[in-house]
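Since the structure comes first, as structure tokens, the remarks are kept for the end.
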Amino acid sequence: MVSAPTEVVEITGARHDLGSKTLDVARLAVDAALRLSAGQIA
956 MVSAPTEVVE ITGARHDLGS KTLDVARLAV DAALRLSAGQ IA
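When you number the sequence shown by this note's numbering, it's gap-free, plus one each residue, and the end is 997.
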């Protein structure tokens, strides 16, 4: 259990190893984390 705000982010086309031919999956995950830490998640 995580005792902090969390967000589930779906990144369509991403693989379990974060590989994607069209998306920068790691960047999208970091962007989501930064938005969450800044309180910008609805």
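We put the beta carbon where it would ideally sit given N, CA and C, even for glycine. All figures in this text were calculated on a predicted structure; none of them were measured in a lab.
Minimum C-alpha distance to A984 - residue among T977, E962, K976, G994:
E962
Taking D986 as part of the alpha helix (DSSP H), name the residues at either end of that continuous run.
980–992
Roughly how many angstroms lie between the CA atoms of S958 and K976, to the nearest whole one?
34 Å
If contacts are defined as beta-carbon pairs under 8 Å, then P960 and L991 qualify, I think. What distance do you get, rounded to the angstrom?
6 Å
Cα separation between M956 and A981?
23 Å
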